[in-house]
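When we follow UniProt numbering, the leftmost residue of the sequence shown carries the number 1, and every step to the right adds one.
Glycine is no exception: its CB is placed at the ideal position from the N, C-alpha and C atoms.
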Amino acid sequence: MAQWRSSRRDNEEGVRFSPALFIFLVLVSCILVASDRPENRPQVLSGVRAGFNDAAMPVLELAAWPLRGVQNVGPWWRRQFELAQENRELREDLAELRAWRDVALSLRDRARLYEEALNLETPAVRERITAWAVAERAGPFVRSRLIGVGARDGVREGYPVVNVYGLVGRTVDVGQRSARALLLTDLNSRVAVMADRSNARAMLTGDNTDFPRLEYLGTDPDIQEGDRIVTSGDDNVLPRGLPVGEAVRDRDGRWRVALYSDAAPLDLVWIWPFEPVAPPEANPLSVDALPGLNAEDLTGDLTGDAPQDAGTPQNGETGSEPETSGPGGAPAAIAQTSSSDGTADGAADGEPGGED
Numbered sequence: 001m002a003q004w005r006s007s008r009r010d011n012e013e014g015v016r017f018s019p020a021l022f023i024f025l026v027l028v029s030c031i032l033v034a035s036d037r038p039e040n041r042p043q044v045l046s047g048v049r050a051g052f053n054d055a056a057m058p059v060l061e062l063a064a065w066p067l068r069g070v071q072n073v074g075p076w077w078r079r080q081f082e083l084a085q086e087n088r089e090l091r092e093d094l095a096e097l098r099a100w101r102d103v104a105l106s107l108r109d110r111a112r113l114y115e116e117a118l119n120l121e122t123p124a125v126r127e128r129i130t131a132w133a134v135a136e137r138a139g140p141f142v143r144s145r146l147i148g149v150g151a152r153d154g155v156r157e158g159y160p161v162v163n164v165y166g167l168v169g170r171t172v173d174v175g176q177r178s179a180r181a182l183l184l185t186d187l188n189s190r191v192a193v194m195a196d197r198s199n200a201r202a203m204l205t206g207d208n209t210d211f212p213r214l215e216y217l218g219t220d221p222d223i224q225e226g227d228r229i230v231t232s233g234d235d236n237v238l239p240r241g242l243p244v245g246e247a248v249r250d251r252d253g254r255w256r257v258a259l260y261s262d263a264a265p266l267d268l269v270w271i272w273p274f275e276p277v278a279p280p281e282a283n284p285l286s287v288d289a290l291p292g293l294n295a296e297d298l299t300g301d302l303t304g305d306a307p308q309d310a311g312t313p314q315n316g317e318t319g320s321e322p323e324t325s326g327p328g329g330a331p332a333a334i335a336q337t338s339s340s341d342g343t344a345d346g347a348a349d350g351e352p353g354g355e356d
């Protein structure tokens, strides 16, 4: 027992360090830490450290995998609940959209019947052009976008630019491979619009803010908060019926529009080909150049003269003319009948017929 205590005391005394040695080791450690820089580090040590890290990385990842899995359980279940709620909302929206689709198809058929009854010529629907829109930093407009399609793709100046939510703007400069779209919020943008509920007309004017103004509404406009604003087509710049946004009031009580196109980042857009109504020509075609019409027929319709048969000779044409050799310009047959009647009456009265 005494021997065991003696050996234990020797071992405890053997592991003790003097204060001077301890201070020396601390100073050496500080010097090594201060001098441990990438530029001063030997290449051999860097290689050894990199090899150790590569060898230890799989072990560290395997050790951290259970902890990482426990940490991801909460977000995973939260995401599952969010997806279930989103799926439920999408199913409800899909059912509502199917009902609206049936209504739209019925209205389309009815509108087509009305157009046929009124002999209304509707413009043919042309294929839209899909493109990516990117921001422009050094352009002539404050709010514009560059589109990755141009004249070689069928884009022309003045075509409307839309996204999945509504109208974005229109093309103003068109090159061979790209085009510039002027946004509705730009200071130079002017678009004729109307309220879908009341057909109240207005001019959508951009002012470099996210909510363009509604101007020229009149003294008592029939516009309410939340009215759907669409293009009216009165300016012959954009087609009628493109969705623009909803009517809102600002702090000063002025009417503005919350644009539908701001619901998502502006990246993928469509360009709709649109041909405005062209003004009449400087030298319109004459009436005789129109098929099936001539000036005489048109004059006769305006004056109310009845058309004559082709076989009936008219004045100034070759043919038999009515005889007017009788007295007073009467036809000869009528004059002869009257003369013979007068002779018979004279003979009956005892008067000489033709001699004294």
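Start and end residues, beta strand (DSSP E) containing residue i
i: L183; result: A179 to L183
i: E281; result: E281 -> no beta strand (DSSP E), and no H or E assigned at all.
i: A195; result: R190 to A195
i: W270; result: L268 to I271
i: I147; result: S144 to I147
Cross-strand partners of residue i (DSSP beta bridge)
i: E215; result: M203
i: G169; result: V161 and L183
i: A258; result: E246
i: R228; result: E246
DSSP-derived helix/strand/coil call for residue i
i: T243; result: With the sequence shown as reference, residue 243 is identified as Pro, and Thr is not the correct amino acid for it. P243 falls in the strand class under three-state DSSP.
i: A133; result: strand
i: V73; result: helix
i: D222; result: coil
i: V174; result: strand
i: D210; result: coil
i: D252; result: coil
i: G51; result: helix
i: D93; result: helix
i: D235; result: coil
i: V277; result: coil
i: E115; result: helix
i: E127; result: coil
i: A138; result: coil
i: R156; result: coil
i: S18; result: coil
i: G326; result: Its pLDDT being 48, under 50, G326 is placed unreliably in this model, and the value from its coordinates should be taken loosely. Three-state DSSP puts G326 in coil, outside helix and strand.
i: P58; result: helix
i: S29; result: helix
i: S46; result: helix
i: P66; result: helix
i: E121; result: coil
i: A84; result: helix
i: A264; result: coil
i: S106; result: helix
The ligand FAD heavy atom lying under 8 Å from the CB of residue i
i: T231; result: This structure lacks the ligand FAD; in fact it carries no ligand of any kind.
Checklist entry - Looking at C-beta atoms only, is the number of pairs between the stretch 211–219 and the stretch 164–175 that lie closer than 8 Å three or more? => result no
Checklist entry - When the Cβ atoms of the stretch 219–234 are set against those of the stretch 169–183, are three or more pairs found closer than 8 Å? => result no
Checklist entry - For the stretch 125–143 against the stretch 252–271, are there 3 or more C-beta pairs whose distance is under 8 Å? => result In short, these stretches touch, since the Cβ pair count reaches three.
Checklist entry - Contact between the stretch 255–262 and the stretch 143–152: three or more CB pairs below 8 Å? => result no
Checklist entry - Is the number of C-beta pairs between the stretch 90–98 and the stretch 107–121 that are closer than 8 Å three or more? => result no
Checklist entry - So does the stretch 227–235 actually touch the stretch 185–192, counting three or more Cβ pairs closer than 8 Å? => result yes
Checklist entry - Do three or more CB pairs link the stretch 236–244 to the stretch 272–280 at distances below 8 Å? => result yes
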